[in-house]
Amino acid sequence: MAATDDGAVDSASAAAAARAVEEARALLPAPAPDYDDEDLEERAYEAAEKVIVSISGGPDPEDVAGDTLLWLLMWATAMGLLVQLLAARLGVATGRHLAELCRDEYPDWARRALWLMAEVAMVGADIQEVIGSAIAIKILSRGYLPLWAGVVITALDCFIFLSLENYGVRKLEAVFALLITTMAVSFAWMFTDTKPNGKDLLIGILVPKLSSRTIRQAVGVVGCVIMPHNVFLHSALVQSRKIDQNKEYQVREALRYYSIESTIALVVSFMINLFVTTVFAKGFYGSKEAGNIGLENAGQYLQEKFGGGFFPILYIWGIGLLAAGQSSTITGTYAGQFIMGGFLNLRLKKWVRALITRSFAIVPTITVALFFDTSDSALDILNEWLNVLQSIQIPFALIPLITLVSKEQVMGVFKIGPNTQAVTWTVATLLITINGYLLMDFFSSEIRGPLSGSLLCVAVLIYASFVLYLILRGTELSEKIAKAIRGSFS
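All residue numbers for the sequence shown refer to this note's numbering, where the first residue is 108 and numbers rise by one.
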């Protein structure tokens, strides 16, 4: 299933990066005369955020509209690849996945806290993914099926797709490969039709450039590069191929295979993100309708801009959106099974675990669909809060992963070396810092009143303390601090 998850277009993370449609003048038409530059740029950001909410490639690198932050998308994808390779290394070398190893590594209170954080992250991602599928169904049914009906259909067809695994995991992978290929080809065609400036795109990818107006968009790109439940998922999916962990050559061969597979998948995801962001930036930057574009009407706007002939872009968009949502809900189901089974050591039948994990997402999603079916703006606000929820959970998957792959007792000869440890902890620090900035920026604009501020301070203190505990436990700092304390009393 590794190929399925890597190639799948994860709908949960793309909204934050879509806000990065900043400074895309080289690719975009001149502004309309009725608006000033800043107003047009803000409209472009808003449109892209709404439209690309369910489009993202690989392990959740965000979409970046325009050329000035494409370099950041590339490096975010590289960081995502590093984390994915570490997760695969852990699963292949130990024969166990991250949630199972966390159960043995941490005390009971910490293990339960990590499980709760993983479940919350998964439910938040699932709500976004299921809503993406439901909107696609509404588009393809020409509005006959409301949003809540699409949620129910997504819940049911999820089990149908899962049943394909009984005929072999490759059958299931082939179905989603076909769906994702359809979406990738459609956006590649639209990318070509927009005739972007190749030189400017290349400069945007290779030359770092960041302005004061793009800092928040840049934070969104890097801060959402890792979906927490995908870290658990990748460490488990690599075990679909039988490997004898006692035979070093088999483990090394498997790691080489997964490295190639993951790299190819993430290159494809980068290209899809490039296609999507360029098409929407070129199509809607500077337009009066930019502020009105959402998932449901994006296909119609694309149809008006780029046509489609015998294969209307409206339905290409719907099919791609459906492929993204379906792929993500399936992988979310698998992740939920691994998380619950690993942390709690539950021995349930597969369909029972699937029903439980689906219910965690489907029940709140139906509620959301009924409440927000006629309110696009409210749905956008909900999505923004869900993105924040994802950002909060990142350390609780990333830090345990780095801790475990750095331990010789766990990994044996496949423990990562000092240089790799330094790189991974640097990446982790960067991601945690970036997400901390994103969260402070978000809550500073959303939280009002002394009571809310006080509660937020308490929550931040508890959160930071737990993150610090995980870091100290996973590094030599805890031993050095303990020695220093003992020395001060001796």
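Note that the Cβ used here is the ideal one computed from N, Cα and C, for glycine as well. If you're wondering where the values come from, they're calculated on a predicted model, not measured in any experiment.
1) Is it right to say PRO502 is buried, meaning 16 or more other beta carbons lie within 10 angstroms of its own, or is it exposed?
2) Please report the distance separating the alpha-carbon of ALA61 from that of TYR408.
3) My assumption, with CB atoms under 8 Å, is that LEU546 sits in contact with SER498. Please give the rounded CB distance.
4) So what's ASP233 in DSSP terms, helix, strand or just coil?
5) Excluding the 5 residues flanking LEU614 on each side, which residues of the same chain have their C-beta closer than 8 Å to its C-beta?
6) Under the three-state reduction of DSSP, which class applies to HIS204: helix, strand or coil?
7) For HIS204, I'd like the list of residues in its chain whose CB is within less than 8 Å of its CB, leaving aside the five on either flank, ordered along the chain.
8) Are ILE473 and VAL258 close, meaning C-beta to C-beta below 7 Å?
9) In terms of residue numbering, what span does the alpha helix (DSSP H) encompassing LEU269 cover?
10) Buried or exposed for ASN542, please, with buried defined as at least 16 other CB atoms from any protein chain shown within 10 angstroms of its CB.
11) Can you tell me whether ILE420 is buried or exposed, with buried defined as 16 or more other CB within 10 angstroms of its CB?
12) Would you tell me roughly how many angstroms separate the C-alpha atoms of ASN526 and TRP532, rounded to the nearest one?
13) Would you mind sorting GLY187 into buried or exposed? The rule is 16 or more other CB atoms within 10 Å of its CB.
14) I'd like to know whether the C-beta atoms of LEU493 and GLN191 end up nearer to each other than 7 Å.
15) Could you pull out every unbroken alpha helix (DSSP H) segment of at least 4 residues lying fully inside the segment 537–582, listed in chain order?
16) List the endpoints of the continuous alpha helix (DSSP H) containing LEU308.
17) Sorted by chain position, which residues of the same chain lie with C-beta nearer than 6 Å to LEU577's C-beta, five sequence neighbours on each side aside?
18) Helix, strand or coil, according to DSSP, for ILE246 in the structure here?
19) Please state whether DSSP places SER513 in a helix, a strand or coil.
20) Express the C-alpha separation of ARG218 and SER561 in angstroms, rounding to a whole number.
21) Since PHE377 and LEU180 should fall inside the 8 Å C-beta cutoff, what is the C-beta to C-beta distance between them, to a whole number of angstroms?
22) Looking at C-alpha atoms only, which residue of TYR570, SER369, GLY239 and LEU508 is the closest neighbour of GLU212?
23) Around the C-beta of TYR274, are 16 or more other C-beta atoms found within 10 angstroms, so that it is buried, or is it exposed?
24) For TYR422, report the span of its alpha helix (DSSP H) as first-last.
25) For LEU496, I'd like the list of residues in its chain whose CB is within less than 8 Å of its CB, leaving aside the five on either flank, ordered along the chain.
26) Pull up the distance between the alpha-carbon of ARG348 and that of ALA200, whole angstroms please.
27) Is DSSP giving TYR213 helix, strand or coil here?
28) In terms of alpha-carbon separation, which member of VAL475, LEU208, ILE469 and LYS278 lies closest to ASP233?
29) Rounded to whole angstroms, what's the CA-CA distance from GLU129 to PHE298? Just pull it up for me.
30) Alpha carbon to alpha carbon, what distance is there between VAL574 and GLY556?
31) Using the rule of at least 16 other Cβ atoms within 10 Å of the residue's Cβ for burial, across every protein chain shown, is SER293 buried or exposed?
32) Could you tell me the boundaries of the alpha helix (DSSP H) in which PHE339 lies?
33) Can you tell me whether GLN352 is helix, strand or coil according to DSSP?
34) Going straight from the alpha carbon of LEU252 to that of LYS278, what length do you get?
35) Starting from the Cα of HIS516, find the closest Cα among ALA185, LEU208, GLU360 and LEU453 and give me that residue.
In short:
1) buried
2) It is not possible to answer for residue 61, since the shown part of the chain is limited to 108 through 597.
3) 6 Å
4) helix
5) Nothing can be reported for residue 614, as the shown portion of the chain is limited to 108 through 597.
6) coil
7) LEU197, GLY198, PHE339, SER342, ALA343, GLN346, PHE445 and GLY449
8) yes
9) 254–270
10) buried
11) buried
12) 10 Å
13) buried
14) no
15) 557–581
16) 305–313
17) ILE506
18) helix
19) coil
20) 28 Å
21) 7 Å
22) LEU508
23) exposed
24) 420–451
25) VAL227, ALA228 and GLY231
26) 13 Å
27) coil
28) ILE469
29) Because GLU129 sits at a pLDDT of 37, beneath the cut-off of 50, its placement in the model cannot be relied upon, and the point is left open.
30) 27 Å
31) buried
32) 335–344
33) coil
34) 29 Å
35) Here residue 516 is Gln; the residue named in the question, His, does not match the sequence. The residue with the shortest Cα to Cα distance from GLN516 is LEU208.
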